[in-house]
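Step one of this worksheet: look at the structure below.
In the numbering used here, the protein residues as written are 14 to 196.
Shown next as structure tokens:
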């Protein structure tokens with residue numbers, strides 16, 4: 014049960030967004046730009062993977078499974094492969110050296126912005142990451158720290174059956190973040 018009465022039974026971030034719809038629109042617009050905007054050299058799958066990894070590091074069950082399922086959909090892999098990447102992206106064979114470097118940056122952002130080092134940035138650049146990609150990685154990780162804390166700080170509920178997230182991923186990939194994940 015959520016810490017406050019949200020006056021709805023929607024899971025995860027959907028509950029507090031429905032409770033305060035005036036915040037739903039700008040939060041969804043931010044997610045839409047960060048994760049789905051086509052003016053980006055990181056694929057949608059790569060951006061979803063950054064969101065998934067950050068949510069995993071924050072132990073946010075809802076967000077890591079929603080975004081992990083969507084990342085898997087875009088990247089053409091299953092949830093077990095996404096779990097392997099989350100557990101140790103530095104050794105995952107399914108992640109490019111550039112993504113490994115960007116996920117290292119995301120991990121540092123999750124710890125605290127000042128944890129990002131010049132060496133991490135240089136390594137990402139050496140692996141082919143552009144400054145825009147580095148910028149977007151930092152912003153996605155920072156935003157998902159906020160989203161994760163919003164979800165878990167209000168103790169919202171999340172379906173425990175991960176197949177629900179997998180089944181909804183294709184629809185979310187098509188519709189984006191302007192609509193509800195669980196309507």
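Just so it is clear, CB atoms sit at the ideal spot from N, CA and C, and this is done for glycine as well.
Burial state of residue 34 is exposed, judged by a 10 Å Cβ sphere holding fewer than 16 other Cβ atoms. Around the Cβ of residue 162, a 10 Å sphere holds fewer than 16 other Cβ atoms; the residue is exposed. The stretch 81–88 makes no contact with the stretch 158–173: fewer than 3 CB pairs, one atom from each, lie closer than 8 Å. For residue 100, the closest alpha carbon among the candidates 27, 175 and 62 is that of 62.
With fewer than three CB-CB distances shorter than 8 Å, the stretch 15–30 does not count as touching the stretch 46–59. The Cβ-Cβ distance between residue 144 and residue 114 does not fall below 8 Å. Note that the C-beta distance between residue 158 and residue 36 is not below 8 Å. Per DSSP, residue 127 lies in no alpha helix (DSSP H) and is assigned neither H nor E.
In terms of Cβ geometry, residue 129 and residue 118 form a close pair [threshold 8 Å]. Contact between residue 152 and residue 47 holds: their C-beta atoms lie close to 6 Å from each other, under 8 Å. Taking residue 156 as the centre and dropping the five residues before and after it, the same chain places the C-beta of 43 and 47 closer than 7 Å to its C-beta, in chain order.
Ranking 21, 78 and 18 by CA distance to the CA of residue 181 puts 78 first.
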